[in-house]
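Colleague:
Protein chains: 2
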Amino acid sequence: MSKKPSDFSRRDLLKAAAALGTVPFAAACERSSPISSAQASSGDTQGSFNAQVVVVGAGIAGLTAARRLVAAGVDTLVVEACDRVGGRTLNHNVSAAQALPGTVVEVGGQWVGPGQDRVLALIEELGLSTFKTFEDGNYIDYRNGLKTQYGHVFPIDPLNLGLNRLPLTDPVAAAEAALAIETLTSMANQVPLDMPWTAANAAAWDNQTFQSWMDANLVTPGAKSLLQLAIETLFCAEPREVSLLHALLCFHSGGSLEHMISTTGGAQDSRIAGGSQLISLRMAQALGSRVLLRAPVTRIEYNDKGVRVSGDQFSVHAQRTIIALPPTLSGRITYAPPVNGLRDQLTQRFPMGSVIKVQCVYPKPFWRDAGLNGQATSDTGPVKSTFDNSPPDAHVGVIVGFITGSEARTAIMQTREQRMAGVIESFVRYFGEQARTPLEYIERDWASEEYSRGGYLGYLPPGVWLDYGIAMTAPVGRIHWAGSETSDINRGYFDGAVRSGERVAEEVAALL
Amino acid sequence: MSKKPSDFSRRDLLKAAAALGTVPFAAACERSSPISSAQASSGDTQGSFNAQVVVVGAGIAGLTAARRLVAAGVDTLVVEACDRVGGRTLNHNVSAAQALPGTVVEVGGQWVGPGQDRVLALIEELGLSTFKTFEDGNYIDYRNGLKTQYGHVFPIDPLNLGLNRLPLTDPVAAAEAALAIETLTSMANQVPLDMPWTAANAAAWDNQTFQSWMDANLVTPGAKSLLQLAIETLFCAEPREVSLLHALLCFHSGGSLEHMISTTGGAQDSRIAGGSQLISLRMAQALGSRVLLRAPVTRIEYNDKGVRVSGDQFSVHAQRTIIALPPTLSGRITYAPPVNGLRDQLTQRFPMGSVIKVQCVYPKPFWRDAGLNGQATSDTGPVKSTFDNSPPDAHVGVIVGFITGSEARTAIMQTREQRMAGVIESFVRYFGEQARTPLEYIERDWASEEYSRGGYLGYLPPGVWLDYGIAMTAPVGRIHWAGSETSDINRGYFDGAVRSGERVAEEVAALL
């Protein structure tokens, strides 16, 4: 059984830590393990700089904005807190001896898929290429202590319910889940992407959690469990934390719930050759000295004439600034004058999800020999969903798993060894004993990253869209907001980040 | 009718502001109107200091902790961002010419009541005194466009449902609300104050918003409306934003829901002669130069040996530090090393309520002549609840009103003139034409205060207690947490602040 958040083991851990007067610390990105490939551009964190526009944050959103502005002839600087670019994308060089030099997996965001037009265009522009996520073979579903294999094709699906995408251990539950997904899709399509609070049912949907909707509308525990996993995997939060309206908006924004949870043809369709961080690395390379690394912004002064963006040892004067950070982090900067109460309180209500992305490298993708595609779904943690993340030539095998929501919050306070033991237990449960001895164990806890503080993205609890939605992208003086969380389309995806960067570049360029 | 958050007027305001490239700015406390009485102690914001313990925040919690530590012989310094002490308590000198010099009303927290033993003891210790909130006469309830007077004694209440405390316009609704309050009280008493996540029904109750519980359990719109007002007035948030578990915990913590919404004999029983800020002012006076004002903390470094708490122009070295700030503000400090992910993500999920406290001063408390006690409840904003806040001798009359939750979020983005017009409209609706021409209009929007960012207190949305409860008071290294939001008893009240200060002082003293 999955551990409950109130388990004694967890409380005792904290109590023990508190008694020692210390609990595990988070890693500042400067102190994280060396990231050699991340040094695409270098910056100087000391001194005084001038530009027309200063962008805060060198993730995909910020770099896209800067790239666009520079292309339009605008003198632009990007300041980045970390010693690398990429934000919530980060390549990791596989260190196992059997792996060829240059073998890369991502410890952050990694997938792209159809409908994500702007990021696909950018990938092409940057000379990068994609390859298909491996999905040949059977799926594993682990539920109520039983492991089941199922294929992708359900023999009879006359109503076209999408049953072929759901585990068939319990056909009644699968049918109910498929119908629920249909219902949710039809509700989602009623939510305007730009102003979700104007949906006819906005109040009713923002009054409740996704969990409340499930409790009121689903009968079978199996269907509830499947939808719970969908929410946990998409939002890195529990269904009880996410506003129903917000979930519906995201389904609409991401194409559809079915699209978002699908691999081939869906949001997990393809991977980027060389790793997704290359998107940011290439953009930063082109921007060259316009990107200043190791430059955490602590203060932004602004008035009718311009802005001054500064940190401990540097400052940038500019006409306008673009904040391309997770919303919760944008709320930690000191603004002078302080931003209005609506904007500030929005950032108090925009938490990041909780995710630890884990990967095991094996001498070969042994599950493929057993006719498995490496994808597992489960009702039991710590890892409740996995994918085959092997390199394209599969000269080594990689399974990637996600510890999300409640499971992540338990795992955050564990040691690396404790987490690894739990991950391997999960992988063995799904793929057998061969999973017990990886060549390399890779993990990244995004909640503990000082300059991300969670992942994949920020989500909204009930009631926030209704009262604070208008503050999402409204500029404050000469301060403009970007980031995937601000995108109408593909909110939370790379594509949303690109779109937000393009939108804000246009918004700012028009005002210079 | 109350305006809906998605009203066009509000969107248009933002749009217009955005088009101008500017929206209203918040006030930093240094820039707020002069607060002469607040200069009880003076500090030096420049230089390097040493102490055994450094307390961040000179509200009631921080000052209580410092007072306790100093009494125990511990060398203690308090650093405060504002140019005054008191946190979310703040006296205002009534400026109307008819008011006697020294006439004070509070623009922040103001009431104390039975059961709040620790703050009542402190008040006595400090040589302060209390007086009863005026409550003689009839109440006003405004609902469905109709104004009704009702008295405090319901003729027949055989079941002792507390009907006498509820508007009787709609006896069926009043009876349902009274029964609901009974039910909620019995649920609340099942929530352990120290570990709410261990309640037998913790998951079911933290899965949903308070609104979902109302929707599932209440039939009459009148009862829903009354309970909505109770939540709005107690939490400064909408029922859809607050976890049912959190609401129940707070009811238990505050005595009972009935106690919390009651004046005589309840949480609004008494006021403090000279204004509630005197609690902090007196404590600060005794601490003298141990309180440093105008010292916003931006960075806290810590290791096994000690801490360094610093701002732009000052730093304090100490053995340990106590953070006595609203949780959301504690999350904005840069910690080196960064705090663990659980603590950080807790502060991302702990928003402050939204409240604008408004007051009108009149030549006399004219409503008393009409047999009214100045208390109104309403389903129509911007002001949905009022009290008589006249000075003890009633030489002028004062009505205090609360704009909370959604109403506050609309009002935040209005001009002072727009807000005042709405407030006076509300007051006239309840008390007649004489309310139209106040001698003085006083308002304080706590969401716009840079060093409070909302009020009265932080609340928790669904799911947070379950997964993050253990991080609420767990020290991180040599950093300890105080503030009324961390108190088991009377959470959110002055009394909770005092208790948290006492608890943390003991916690720290034991480790020196």
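Chain order of the listed sequences is F and L. Quick note on the working numbering: the first sequence kicks off at 85 and runs consecutively. Quick note on the working numbering: the second sequence kicks off at 85 and runs consecutively. Note that the Cβ used here is the ideal one computed from N, Cα and C, for glycine as well. Note that this is a predicted model, so its numbers are computed, not measured.
Could you tell me whether the Cβ of residue 290 of chain F comes closer than 8 Å to any Cβ of chain L?
Modeller: Along the first sequence, read from residue 1 onward, the residue named residue 290 of chain F stands at position 206. So yes, residue 290 of chain F belongs to the interface.
Colleague: Please state if the CB of residue 463 of chain F and the CB of residue 227 of chain F are separated by a distance shorter than 8 Å.
Modeller: Against the first sequence, residue 227 of chain F aligns to sequence position 143. Against the first sequence, residue 463 of chain F aligns to sequence position 379. Cβ distance < 8 Å, so residue 227 of chain F and residue 463 of chain F count as in contact.
Colleague: Closer than 8 Å, CB to CB, is residue 531 of chain F near chain L or not?
Modeller: Counted from its first residue, the first sequence places residue 531 of chain F at position 447. Judged by the 8 Å Cβ criterion, residue 531 of chain F is in contact with chain L.
Colleague: To the nearest angstrom, report how far apart residue 470 of chain L and residue 340 of chain L are at their CA atoms.
Modeller: As a first step, residue 470 of chain L must be located in the second sequence, where it is residue number 386. As a first step, residue 340 of chain L must be located in the second sequence, where it is residue number 256. Computed Cα separation, rounded: 21 Å.
Colleague: Starting from residue 270 of chain F, find everything on chain L with Cβ-Cβ shorter than 9 Å and list it in chain order.
Modeller: The residue given as residue 270 of chain F occupies position 186 in the first sequence. Those do not exist, as residue 270 of chain F stays about 21 Å from chain L at its closest Cβ, beyond 9 Å.
Colleague: In the stretch 416–442 of chain F, which residues sit with their C-beta less than 8 Å from some C-beta in chain L, listed in chain order?
Modeller: Residues 416, 418, 420, 421, 422, 423, 424, 425, 426, 427, 428, 429, 432, 433, 434, 435, 436, 438.
Colleague: Going by C-alpha to C-alpha distance, which of L:196, L:394, L:265, L:317 sits closest to residue 302 of chain L?
Modeller: Residue 302 of chain L sits at position 218 when you count from the first residue of the second sequence. Considering only alpha carbons, the answer is L:265.
Colleague: Looking at the structure shown, is residue 520 of chain F part of a helix, part of a strand, or coil, going by DSSP?
Modeller: For the purposes of this step, residue 520 of chain F is identified with residue 436 of the first sequence, where counting begins at 1. Three-state result, residue 520 of chain F: helix.
Colleague: Return no unless some Cβ of chain L is closer than 8 Å to the Cβ of residue 84 of chain F.
Modeller: Coverage of chain F is limited to positions 85 through 596, which leaves residue 84 of chain F absent and any answer about it impossible.
Colleague: Identify whether residue 436 of chain F lies in helix, strand or coil by the three-state DSSP scheme.
Modeller: Along the first sequence, one-based indexing puts residue 436 of chain F at 352. The answer is strand: DSSP assigns residue 436 of chain F an E or B state.
Colleague: Among residues of its own chain, excluding the 5 on either side of residue 603 of chain F, which ones have a beta-carbon nearer than 8 Å to its beta-carbon?
Modeller: In the structure as shown, chain F begins at 85 and stops at 596. Residue 603 of chain F is therefore absent and cannot be evaluated.
Colleague: Alpha carbon to alpha carbon, how far is residue 517 of chain L from residue 460 of chain L?
Modeller: The sequence position of residue 517 of chain L within the second sequence is 433, counting from 1. The sequence position of residue 460 of chain L within the second sequence is 376, counting from 1. Each residue's alpha carbon lies about 15 Å from the other.
Colleague: Count the other CB atoms, across all protein chains shown, that sit within 10 Å of the CB of residue 574 of chain L; report buried if there are 16 or more and exposed otherwise.
Modeller: Mapped onto the second sequence, residue 574 of chain L falls at position 490. Buried.
Colleague: Using a Cβ cut-off of 8 Å (strictly closer), state whether residue 172 of chain L contacts chain F.
Modeller: Translated into positions along the second sequence, residue 172 of chain L becomes position 88. No, residue 172 of chain L does not count as interfacial toward chain F.
Colleague: Can you tell me which of the three DSSP states residue 193 of chain F falls into?
Modeller: The residue you call residue 193 of chain F lines up with position 109 of the first sequence. Coil.
Colleague: Of all Cβ atoms in chain C, is any one closer than 8 Å to the Cβ of residue 551 of chain L?
Modeller: Protein chains in the displayed structure are F and L, and chain C is not among them.
Colleague: For the structure I just gave you, are there three or more beta carbon pairs, one from the stretch 533–549 of chain F and one from the stretch 432–439 of chain F, closer than 8 Å?
Modeller: The stretch 533–549 of chain F vs the stretch 432–439 of chain F: in contact.
Colleague: Using beta-carbon positions only, say whether residue 501 of chain L and residue 465 of chain L come within less than 8 Å of one another.
Modeller: Your numbering for residue 501 of chain L matches position 417 in the second sequence. Your numbering for residue 465 of chain L matches position 381 in the second sequence. Cβ atoms of residue 501 of chain L and residue 465 of chain L: not closer than 8 Å.
Colleague: Can at least three beta-carbon pairs, one atom from the stretch 471–489 of chain F and one from the stretch 544–561 of chain F, be found at a separation below 8 Å?
Modeller: Contact between the stretch 471–489 of chain F and the stretch 544–561 of chain F is absent, because fewer than three Cβ pairs lie under 8 Å.
Colleague: Answer yes if the stretch 175–184 of chain F comes into contact with the stretch 306–323 of chain F, meaning at least three C-beta pairs across the two stretches below 8 Å, and no otherwise.
Modeller: Touching, no, given that fewer than three Cβ pairs across the two stretches are closer than 8 Å.
Colleague: Would you be able to state if there are at least three C-beta pairs under 8 Å between the stretch 160–172 of chain F and the stretch 357–368 of chain F?
Modeller: At 8 Å Cβ cutoff, the stretches touch.
Colleague: To the nearest angstrom, how far is it from the Cα of residue 273 of chain F to the Cα of residue 327 of chain L?
Modeller: Taking the first residue of the first sequence as position 1, residue 273 of chain F is located at position 189. Taking the first residue of the second sequence as position 1, residue 327 of chain L is located at position 243. The alpha-carbon atoms of residue 273 of chain F and residue 327 of chain L are separated by roughly 28 Å.
Colleague: Which of the three DSSP states is assigned to residue 586 of chain L in this structure?
Modeller: Start at 1 with the first residue of the second sequence, and residue 586 of chain L comes out as number 502. DSSP places residue 586 of chain L in helix when its eight states are reduced to three.
Colleague: I need the boundaries of the beta strand (DSSP E) containing residue 224 of chain F, first residue and last residue.
Modeller: Within the first sequence, the letter at position 140 stands for residue 224 of chain F. Residue 224 of chain F -> beta strand (DSSP E) spans 222–227.
Colleague: Using only the alpha-carbon positions, how far apart do residue 527 of chain L and residue 318 of chain L sit?
Modeller: Walking along the second sequence from the start, residue 527 of chain L turns up at place 443. Walking along the second sequence from the start, residue 318 of chain L turns up at place 234. Computed Cα separation, rounded: 19 Å.
Colleague: Once the 5 residues before and after residue 337 of chain L are set aside, which same chain residues still bring their CB inside 7 Å of it?
Modeller: Within the second sequence, the letter at position 253 stands for residue 337 of chain L. Cβ neighbours of residue 337 of chain L beyond the five flanking positions: 277, 572, 573, 574, 575.
Colleague: Using a beta-carbon distance below 8 Å, is residue 127 of chain F in contact with chain L?
Modeller: As a position in the first sequence, residue 127 of chain F is number 43, starting the count at 1. Note that residue 127 of chain F has pLDDT 38, beneath the 50 cutoff, so the model's placement of it is unreliable and no number is given.
Colleague: Determine, using beta carbons only, whether residue 401 of chain F and residue 222 of chain F come nearer to each other than 8 Å.
Modeller: By 1-based counting over the first sequence, the position of residue 401 of chain F is 317. By 1-based counting over the first sequence, the position of residue 222 of chain F is 138. Taking 8 Å as the Cβ cut-off, residue 401 of chain F and residue 222 of chain F do not qualify as a contacting pair.
Colleague: Which chain F residues sit within Cβ distance under 8 Å of residue 293 of chain L?
Modeller: Position 209 of the second sequence, counting from 1, holds the residue named residue 293 of chain L. In chain order: 291, 292, 293, 296, 546, 547.
Colleague: Name the DSSP beta bridge partners of residue 402 of chain L, please?
Modeller: Position 318 of the second sequence, counting from 1, holds the residue named residue 402 of chain L. Bridge partners of residue 402 of chain L: L:391.
Colleague: Which term fits residue 291 of chain L, buried or exposed, when burial requires 16 or more other beta carbons within 10 angstroms of its beta carbon?
Modeller: For the purposes of this step, residue 291 of chain L is identified with residue 207 of the second sequence, where counting begins at 1. Flag for residue 291 of chain L reads buried.
Colleague: Counting only beta-carbon atoms, is residue 513 of chain F nearer than 8 Å to chain L?
Modeller: Along the first sequence, one-based indexing puts residue 513 of chain F at 429. Not an interface residue.
Colleague: For residue 464 of chain L and chain F, any beta-carbon pair shorter than 8 Å?
Modeller: Mapped onto the second sequence, residue 464 of chain L falls at position 380. With 8 Å as the cut-off, residue 464 of chain L does not count as an interface residue toward chain F.
Colleague: According to DSSP, simplified to helix, strand and coil, what is residue 154 of chain F?
Modeller: As a position in the first sequence, residue 154 of chain F is number 70, starting the count at 1. Residue 154 of chain F: helix per DSSP, three-state reduction.
Colleague: Of all the CB atoms in chain F, is at least one closer than 8 Å to the CB of residue 570 of chain L?
Modeller: Stepping through the second sequence from its first residue, residue 570 of chain L is reached at position 486. False, the Cβ-Cβ gap to chain F never drops below 8 Å.
Colleague: Would residue 544 of chain L and residue 433 of chain L be called neighbours here (beta carbons separated by less than 8 Å)?
Modeller: The residue given as residue 544 of chain L occupies position 460 in the second sequence. The residue given as residue 433 of chain L occupies position 349 in the second sequence. A contact, by the Cβ cut-off of 8 Å.
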